[in-house]
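Residue numbers (the numbering used here), protein chains in the order written: chain H, 1 to 576; chain B, 1001 to 1296. For glycine and all other residues, C-beta sits at the position ideal for the given N, C-alpha and C. All remarks here apply to the structure that follows.
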Amino acid sequence: MFGTFLGLQTAVSGLQASQAAIDTVSHNVANADTPGYSRQTVNLSATPAIDMPGLLSANPGQIGTGVQVQQISRMRSNYLDEQYQGQNSYSGYWNTQQSTLNNITAIINEPSDTGISTVMQNFFSAWSSLSANPSDLSARTQVQQTGITLAQTLNQTAQQLDTLKGDTQTNLQDNITQANTLVSQIADINKQINAIQQVGDEPNDLLDQRGQLLDQLSNLANIQTSTNGGVFTLSIAGQQVLQDTQVTAELAPNSTTPADVTAAILTDTSGNPILDPTTGNPVTVTNGVLGGLSDSIATVDSYNSYLNDFANTLATGGEHMDATTGTMVPGTAPVTITGTWPIEGDASGNTPTFPVSGQFPDGTQFTAGESVTDPSLSNENIQIATSTTGQQTATIPAGVTVNVSGINGLEELGYSQNGQGQAFFSTSDGSSTITADNIAVSISPADIAAAFNNQPGTNTAMAGDGTLAMAVSNLANSYFSFQSPSDVNQTMQGTPDQMMQSIVGTLGVQSQTANQQVTNQQTLLQQIDNQRQSISGVSIDQELSNMIQYQQAYNASARIVSTINSMLQTVVSLGQ
Amino acid sequence: MRITQGMLNSQMINDIQNNYQQLSQLQNEIATGHQINTPADSPVGVGMVMQYNSQLASYQQYQANATSAQGWLQNASSVMNEAQQIMQQARTLAVQGANDTETQSDRQDIATQVQELYQELVTTGNSQYNGQYIFNGQDVTNAPYTNADAASVNPNTGGVLYDVGTGSPLQVNTSGQDFFGSSADADNAFSILQNLQNALNNNDQSGIEQAITQIDSRSSAMEAAQTDVATRQDRIQFATSRLSDLTNNVTTLLSNVQDANLAQVITNYESAQNVQTASLEVGAQVLVPTLADFLK
């Protein structure tokens, strides 16, 4: 025999289950656009039946007692989460690289009418003009002014790169702070999750929030998560930073001096860098925005280094790695002297010596310091004249090629209107090494040497001799040794134009790669996110049809209540 | 696969974003007329663009040098004409003076005219182009000759060189030593005129006749020097037309690499715009309806 009110209780359990299901539908619809939200479903099951054993019973078997809400669970795939977080790191890395390379592209500003290569062409053209009009003051002023423009363009470019580097370093610091904040937020959420899980409930919304924070963190760095025996651990760059609710390591810049920061490293709780056991170096973040920023700093540095090398090589020949000896040697560029070249001996009447190395048109070589009367040069038609004071002057015929240390080295071989030629480029900060930052032109137009030939017996130039200016303009086509843009320790031969081209070409390849990677990562992330949404996303249509279903079930249960009610009334009226 | 409104929404935002990126790229190409606007557009192409621009800049400078050299040579040629006319006038006077019928006073009158011619020749020898003395080699800021010493000085012989891009530089100047003769030459133009003047003053007929022979010898040397100038003018002419050919060629090459194919880009732009409009329209219709719209 069953209890009189069993049917009522069963109907009430139906009402309650429908109520819970409608509430869940409502929660899902409300959170349809919440980032990171996973749709929730109500898992219903029948309550234990009342057993009616007994062969003699009129009602054999079991009688159901209604429905219960077993669990409200969220629809989520951990596998897709891991996929998403892994790709999100790459996405953060390449987005950062792309933005830095876009900035560098804007700073280098090629191809354009105002970039370094155009300014340099104007500079060499001005020298060519001067070679045709060496006595013309305006041609000289033109050389000085285009030289100043070239120096200032290099200065500005270098300064903008310095600013970009500083901004990138600040950006890295900010992102390190953000990543640490995210880790501690995750630790806080873990505490709440633990509290709820201890009483056997499923903290769906907190898990979603944690997933959302992990998504954000995965954009900043390469992370891994795992849950072992209910204990959640989080690692950054392979190093555990969070165990359950305990932060075990923190991110920090690799230097306390802001200008020296180049990477994000991991430190233990007392602030000491964590070292990689195999290399002994601090563990650095290599992926995500943090990895992208630290590589960006290196990229900006490399362009600064190319420009410094470019400025130094153009002005003084620079210093480059000798491939055979592996040592740094001063660089020179060969340039042909189109007119005659007088070499003065000293006042004591000694035979003149070559100031630089080079070779005659027939291939005979000479070295710096070698006497012009060296027997190996007997066929070279070198004329030697002796002045009344006994000073000797050797006249080298046209066509010899000399190896000069940049424009400064070439200028010093000749004569200006005011005397012996002097360095064209100087530094603005008094340093002895010319860089893109400090290159300057402080020479006055009259001191610019345009001539190899001097007025006999004086140190002033032959006014109509423009052969030195011509040689300088020809340096535009001379092969210098430059630092290779693909490897700073490699030397590459090329004209100044080609050097700029290879810098810009390298920038182009890097930007193109970054652009492609960003597009790829976007597509990939979009795809993975779509798959996640397919599982976790709220479908309004689905929720609404569920709503109708549960509403009908609720109505039906209510109907049963009223039916049982009227049955009970019938029973009660029997007794009257 | 289960599809939700959120997926449709984010898919549409992504697609529209892609469309905008494509439109922006095409619009940039149309606005600049260039398909290479940043190094990333074509890392190889950008190097070629820079290389061609640099070549064009050097051709332009060579052209400027050639024009300037042409000016110098034209000026030198007309100055040389003047000098030859002076020598011809001197010869006419000498022939007249050599005439047996001339009296001593007639010859002295002629001598005065020869002296004027001498001064005129010195002035011609000190001709300038653009403020530079054209007959004094590289020493262009100093006058080579004076009335007193014109016959005894040797002007500088250094070459004034112009780079017109032909590999070897072109010398534009002719030294006074080559044109008027060096101080050691018997047919130095200035000493001929001085000797002629003296011979006329001294009524020295054989001296006058000797001067005629020397004038002829100098005139042919001057003729040769002028022909040399004409040859160099030809060389420059040739260099100029070669430079303009090169400029045309390189401009074509540059255009091939750098310029956008406008017909194609505009067509692509139109089609990208259509796609964009269509995607916006479809998006607006697709995103609205849910079951909620139909539940009463």
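By the Cβ-count criterion, Y1020 (chain B) is exposed, with fewer than 16 other Cβ atoms from all chains shown falling within 10 Å of its own Cβ. For F482 (chain H), DSSP records a beta bridge to H:M492. Considering only H:L307, H:V12, H:G291, H:T4, the residue with the shortest C-alpha distance to S117 (chain H) is H:L307.
According to DSSP, residue pairing for P253 (chain H) in a beta bridge involves H:A264.
Legend: CB atoms of the stretch 1158-1172 of chain B lying less than 8 Å from CB atoms of chain H belong to residues G1158, G1159, V1160, L1161, Y1162, D1163, S1168, P1169.
The C-beta distance from V1153 (chain B) to Y1162 (chain B) rounds to 26 Å, too long to fall under 8 Å, and the pair is not in contact. Proximity of chain H to I1003 (chain B) at the Cβ level (cut-off 8 Å) is accounted for by S534, S539, in chain order. Taken through DSSP and simplified to helix, strand or coil, M328 (chain H) comes out as strand. In this chain, the beta strand (DSSP E) harbouring F232 (chain H) covers 231-236. With 16 or more other Cβ atoms inside 10 Å of its own Cβ, R1232 (chain B) counts as buried. Against S1042 (chain B), the close residues of chain H are G508, Q512, in the order they occur along the chain (beta-carbon pairs closer than 9 Å). By the CB criterion at 7 Å, D1139 (chain B) and M492 (chain H) fall outside the cutoff. Interface criterion not met: the Cβ of V335 (chain H) is under 7 Å from no Cβ in chain B.
Chain order gives the chain B residues near T467 (chain H) as L1161, where near means a beta carbon separation below 7 Å. Here the alpha carbon of Q62 (chain H) sits roughly 34 Å from the alpha carbon of E543 (chain H).
Closer than 8 Å at the C-beta level to chain B, one finds these residues of the stretch 24-44 of chain H: A32, D33. By the criterion of a C-beta distance shorter than 8 Å, A558 (chain H) is surrounded in its chain by A11, L15, once the five residues flanking it on both sides are discounted. Of the candidates H:G326, H:S539, H:N474, H:Q517, the residue whose Cα lies closest to the Cα of S1058 (chain B) is H:N474. Cβ contact annotation for S128 (chain H) (same chain, cutoff 8 Å, sequence separation greater than five): A469, M470, S473, in chain order. Closer than 7 Å to the CB of S131 (chain H) there is at least one CB belonging to chain B. In this structure, DSSP gives G1283 (chain B) a helical state, which the three-state scheme calls helix. Close to chain H, meaning a Cβ-Cβ distance shorter than 9 Å, are the following residues of the stretch 1119-1147 of chain B: N1130, G1131, Q1132, Y1133, N1136, G1137, Q1138, D1139, V1140, T1141, N1142.
Classified as exposed, F5 (chain H) has fewer than 16 neighbouring CB atoms from the shown chains inside 10 Å of its CB. When the Cα atoms are used, L161 (chain H) and A221 (chain H) turn out to be separated by approximately 25 Å. E1029 (chain B) sits in a helix when the DSSP states are folded into three classes. Going by DSSP, V1095 (chain B) is part of the alpha helix (DSSP H) stretching over 1043-1098. In the same chain as L1121 (chain B), and ignoring 5 residues on each side of it, the C-beta atoms closer than 7 Å to its own belong to A1083, I1086, A1189, F1190, L1193, in chain order. Residue environment for A1260 (chain B): buried (at least 16 other C-beta atoms within 10 angstroms of its C-beta). Within the model, the alpha-carbon separation for Q178 (chain H) versus A446 (chain H) is close to 59 Å.
A Cβ of chain B is located within less than 7 Å of the beta carbon of Q526 (chain H). Under the criterion of beta carbons closer than 8 Å, A126 (chain H) and V143 (chain H) qualify as touching, at roughly 5 Å. Nearest to Q1276 (chain B) by alpha-carbon distance, out of B:R1002, B:Q1011, B:L1023, B:Q1005, is B:L1023. Contact of S1068 (chain B) with chain H is assigned, a C-beta pair being separated by under 7 Å. Not a single CB atom of chain B sits nearer than 7 Å to the CB of V300 (chain H). Near chain H, meaning a CB-to-CB distance below 9 Å, the residues of the stretch 1235-1260 of chain B are Q1258.
In the three-state reduction of the DSSP assignment, R1235 (chain B) falls in the helix class, which pools H, G and I.
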